[in-house]
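Participant: Heads up: the sequence shown is residues 332 to 1091, going by the numbering used here.
Glycine is no exception: its CB is placed at the ideal position from the N, C-alpha and C atoms.
Quick one: the structure is below, questions incoming.
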Amino acid sequence: LKPVASRIVEGGWRPKEEAQPKNELLPHEVSGQQVWEFVGSTETDMEPFRPEANPNSADCIFRRAKLNAWTGPKPDTAQPADVNAALHKGFEFYRMLQCDDGHWAGDYGGPHFLLPGFVIAAYITGHLKTMYSDSHCQAIQAYLLNHQQQDGGWGSHIESPSTMFGTVLNYVALRLAGVDADDPACKKGREFMQQHGGALYAPSWAKFWLACLGVYDWDGIAPVPPEMWMLPSWFPLHPGRFWCHCRMVYLPMCWLYARRFTFNAAQDPVAAALRSELYGGQKYSEIPWRKHVHSCADIDNYSPIHPVMRLMQDVLLVYERFGPWQWLRKVSCDFALEYMYAEDLETNYLTIGPVSKAFHILVSWVAAGGETKPKEASESRPFQAHLARVPAYMWVAEDGMKVQGYNGSMAWDTAFAVQAVVEAGMVESYQDMSTRAWGWLVKEQVRSLPHGDWRHFRQPIQGGWGFSTAEQAWPVSDTTAEAFKAVLLLRKVPSIRSAGRAMPDEHLCDSVRFLLSYQNNDGGWATYENNRGWKWYELLNPSEVFGDIMIDYSYVECSSSAMQALAYFSEQFPDHRAGEIRRSIARGARFIEEMQRDDGSWFGCWGNCFTYGCWFGIEGLLIAGRKPTCKAIQKCVKFLLGKQNPDGGWGEDFASCFNREYAPREKLYGCDSGSTVVQTAWALLALMAADCQESKAIQRGVALLLKRQLASGDWAQENIAGVFNRSIGITYTAFRNVFPLWALARFETQYGPRHGCKTL
Ligand code: LAN
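Written out as structure tokens, the structure is:
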């Protein structure tokens, strides 16, 4: 389903780029947050959002602002004659997008269940207009309207068919942001909800927000008891064992649930109206809430609540009905609140992600007495500090203003850009760009929590890199590894070592300690933490809409990156923990082999999808010393070659992630083929690393990348390339530059010359 053509956000939007000076409310300095402002009303010449075609924004507004601000030499617009020229053109373009402090920023939108949380929290606290100016509100409305689909609903993410999760939340956001109930968009939205049973059939995460807003009764919510925190830590079901994202979302939820916090909806005209709009006019006071605890529309039920969990929820409902043990409840709630405050301070008020962020905004206000003394609560320090960090999550693109999936993907994008330029052998040609990227990466290594914070289930994080910034303080195994690889590669270049910021060797050793300690018993690496639980926890997954969220599993991507980083380190420091590193890589390789599917592929969990997984699988095995001719790698090479499209490219549909079976993409938006440059680049990187003997296939893939390069040196934004929790797509705007460049670099400097095909 495609979005309906709608209003376009007009010009005048500017990202304010510099890192913000330290705000006295915040414990740490803010790094690289973009603050979006509307200046004047000039209509710019930006490309309009193409709603009939691609819902994935091309990030035109940000990119145009960067290009306009560029004062260096302008790139040549001539058609590149060969791969080398295409590489230069691509890097010349990409360096214009680099931020002053050395990182790359971009739109990290995609999910459709984040913005509503921010809007609802802002509305309840009475701060919609403090958090968002009038222009922001207009841009938010535009975003919501742009992504409404022809059937009147919204998807769970920008490429998903409409779901109740997307529709109920975005409908509410649209109304709270000021759109009238009689607006045709609202009418269509209500029709869609009605066709699926109304908001009673929304999934639990949507109902939770409705309950906070006072437009759904707490009796219809599955219990989220805060007492779970009081379980002994050895107990298998202790939430400290859950995947940190799951844990950190249910943390504020349990506190709000225990209080049954409710906005006074009856006194508010919009919320009062929602009480009838969401249920097709059914009388609110007559709705049998208890009957709907488990109701969820079929279109949303990706991982239906397991009977074991249903039973547990039913037992807990009885506990709630007869009144929980008050003393225990109080102690548990106090702990939850203290835990949230600790998380606020550790993450400089960003929290781990956008869902918890919206809940923390609300909690900080309620805990400061917002219900009875709204003025004092609004002035309270935690609430004000939370407001100061709202801009970190906001982004404006040609489809409007959105909440991003994270506070950005800066470290991830910067690490890949560096690896591409190093592989192209062009560090000296792009000296300034490379030195700045080095400086930023060095600065962004996490130095906090060297011993962890075990009271709040945090293992040591010193030496890691986060996916976004160090101040966010949630480093990930593979972002650490990719950033570490970039740093290790750059420090070999003499001009960087002499011109750039110094990085002491001990800091490099910290990263090694970090990576070694993050390896799991199965030999693989998970994301933010060591694995602390078992697969069967998935039986207790309380969210209908996500898959595999209960524990931090080992992933092929994280494992491969970690192994590569450790090997790069050993090459430069052969004496530091050499035996441990060797054994760790060997165990990692066995894990990767076990994860390979019978058809030779690897399932990618964080990128779309098998093409992505295969790239990591192959690189991981190679770094562990497996030969390109070994059976596992050859099987994967065969798999990838079998998926090449007639036009030379590769292209997978999002259905691959959702259904866990390879799904070719039929056609790209407005294009005859289903190939995408990002997936083509992943496949090429994998095949060239494996020294694929079919050099014609590689040449055809490279030709597609060249053909799709735009006159500016950029590539067009194609379909959504990122994924999480099996069912949600997420935009990576940097991928369309860094991966084609990296693949061209590998072709030009390594594979091509080896196979006697230097130029096409
Ligand atoms: C991310 C983004 C980056 C991603 C990679 C580094 C690419 C991956 O290899 C490891 C996992 C990680 C860090 C990751 C985990 C889940 C995140 C944080 C996200 C996809 C970005 C948004 C998502 C987060 C869970 C969104 C909030 C939604 C909830 C359901 C809580």
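Measuring CB to CB, does VAL450 end up less than 8 angstroms from ALA508?
Facilitator: Closer than 8 angstroms, so yes.
Participant: Thinking C-alpha only, which one of TYR588, ARG521, PRO557, VAL510 is nearest TRP295?
Facilitator: Residue 295 lies beyond the range of the chain shown here (332 to 1091); nothing can be said about it.
Participant: What is the DSSP secondary structure of TRP865, counted as helix, strand or coil?
Facilitator: Coil.
Participant: Quick check: THR1011 and LEU1036, are their CB atoms within less than 8 angstroms of each other?
Facilitator: Yes, the Cβ-Cβ distance between THR1011 and LEU1036 is below 8 angstroms.
Participant: Mind pulling the alpha helix (DSSP H) runs of 4 or more residues that sit fully within the stretch 402-455?
Facilitator: DSSP runs (the alpha helix (DSSP H)) wholly in the stretch 402-455: 414-427, 446-455.
Participant: Using only the heavy atoms of the ligand LAN, determine whether one of them is closer than 7 angstroms to the beta carbon of LYS424.
Facilitator: The sequence given here places Phe at residue 424; Lys does not occur at that position. For the ligand LAN, not one heavy atom lies less than 7 angstroms from the Cβ of PHE424.
Participant: So the candidates are ARG591, HIS434, VAL624; which of them puts its Cα closest to the Cα of LYS397?
Facilitator: The candidate whose alpha carbon is nearest that of LYS397 is HIS434.
Participant: Using a threshold of 7 angstroms, is the CB atom of GLY551 nearer than that to any non-hydrogen atom of the ligand LAN?
Facilitator: The answer is no for GLY551.
Participant: What does the alpha-carbon distance come out to for the pair MET725 and ALA1074?
Facilitator: For MET725 and ALA1074, the distance between alpha carbons rounds to 31 angstroms.
Participant: Over what stretch of residues does the alpha helix (DSSP H) that includes PRO346 continue unbroken?
Facilitator: That residue, PRO346, is in no alpha helix (DSSP H); its beta strand (DSSP E) goes 344-347.
Participant: Contact defined as beta carbons within less than 8 angstroms: I believe LEU846 pairs with ALA896. What is the distance between those atoms, to the nearest angstrom?
Facilitator: Confirmed, Cβ separation roughly 6 angstroms.
Participant: Using 8 angstroms as the threshold, is the C-beta distance between PRO534 and ASP645 below it?
Facilitator: The answer is no: Cβ separation not under 8 angstroms.
Participant: Can you say whether TYR650 is buried or exposed, counting buried as having 16 or more other CB atoms within 10 angstroms of its CB?
Facilitator: The residue is exposed, with fewer than 16 neighbouring Cβ atoms inside 10 Å.
Participant: If you follow the beta strand (DSSP E) that ALA728 is in, where does it begin and where does it stop?
Facilitator: 725-728 is the extent of the beta strand (DSSP E) around ALA728.
Participant: Output the distance between the C-alpha atoms of SER607 and ALA596, rounded to the nearest integer angstrom.
Facilitator: Those two C-alpha atoms are separated by around 12 angstroms.
Participant: Is the distance from the Cβ of MET495 to the Cβ of ALA628 below 8 angstroms?
Facilitator: Taking 8 angstroms as the Cβ cut-off, MET495 and ALA628 qualify as a contacting pair.
Participant: Report all residues from its chain with a CB closer than 8 angstroms to the CB of GLY486; omit the five preceding and five following residues, and keep chain order.
Facilitator: Cβ within range, chain order: LEU332, HIS443, HIS478, GLN480, PRO492, SER493, THR494, GLY497.
Participant: Checking the sheet assignment: what are the DSSP bridge partners for GLY486?
Facilitator: Answer is SER493, bridged to GLY486.
Participant: Is the number of C-beta pairs between the stretch 511-522 and the stretch 542-561 that are closer than 8 angstroms three or more?
Facilitator: They do not touch, by the three-pair rule.
Participant: Going by C-alpha to C-alpha distance, which of PHE815, TRP1013, ARG921 sits closest to HIS838?
Facilitator: The shortest Cα separation from HIS838 among PHE815, TRP1013, ARG921 belongs to PHE815.
Participant: Quick check on the DSSP output: the alpha helix (DSSP H) that includes ILE471 runs from which residue to which?
Facilitator: It spans 465-477 - the alpha helix (DSSP H) in which ILE471 sits, taken as one unbroken run.
Participant: Report the three-state DSSP secondary structure of ARG789 (helix, strand or coil).
Facilitator: Looking at ARG789 - three-state DSSP - the assignment turns out to be strand.
Participant: With a threshold of 7 angstroms, establish whether the CB of GLU888 neighbours any heavy atom of the ligand LAN.
Facilitator: Checking every heavy atom of the ligand LAN against the Cβ of GLU888, one is found closer than 7 angstroms.
Participant: Helix, strand or coil for TYR502 per DSSP?
Facilitator: In this structure, TYR502 counts as helix in the three-state DSSP scheme.
Participant: May I ask you to verify whether the stretch 923-941 touches the stretch 966-983, counting CB pairs closer than 8 angstroms and requiring at least 3?
Facilitator: With the cut-off at 8 angstroms, the stretch 923-941 and the stretch 966-983 touch.
Participant: Measure the alpha-carbon distance for LYS347 versus LYS866 and round it to whole angstroms.
Facilitator: Computed Cα separation, rounded: 44 angstroms.
Participant: Is it a yes or a no for the stretch 759-768 touching the stretch 800-816, going by three-plus beta-carbon pairs under 8 angstroms?
Facilitator: They do not touch, by the three-pair rule.
Participant: Tell me the DSSP secondary structure of GLN480 in three-state form.
Facilitator: It is a strand residue.
Participant: Can you tell which of GLY1053, ALA1014, HIS359 has the C-alpha that lies nearest to the C-alpha of ASN679?
Facilitator: The candidate whose alpha carbon is nearest that of ASN679 is HIS359.
Participant: Straight-line CA distance for GLY956 to MET1019?
Facilitator: So the alpha carbons of these two residues sit roughly 16 angstroms apart.
Participant: Name the two residues that bound the continuous beta strand (DSSP E) containing ILE636.
Facilitator: Neither: ILE636 is in no beta strand (DSSP E) and is coded neither H nor E.
Participant: What does a CB cutoff of less than 7 angstroms around PHE666 pick up in its chain, not counting 5 residues either side in sequence?
Facilitator: Once the five neighbours on either side are set aside, the close Cβ partners of PHE666 are TRP560.
Participant: In chain order, what are the residue ranges of uninterrupted alpha helix (DSSP H) at least 4 long that sit wholly in the stretch 749-816?
Facilitator: Complete alpha helix (DSSP H) runs here, min 4: 762-774.
Participant: At the level of alpha carbons, what is the spacing between ALA1032 and ALA473?
Facilitator: According to the sequence shown, residue 1032 is Gly rather than Ala. Distance between the alpha carbons of GLY1032 and ALA473: 38 angstroms.
Participant: Taking all protein chains shown into account, decide if ASP978 is buried (16 or more other Cβ within 10 angstroms of its Cβ) or exposed.
Facilitator: By the neighbour-count rule (16 or more Cβ atoms within 10 Å), ASP978 is buried.
Participant: Got a sec, what are the start and stop residues for the beta strand (DSSP E) ILE1061 sits in?
Facilitator: 1059-1061 is the extent of the beta strand (DSSP E) around ILE1061.
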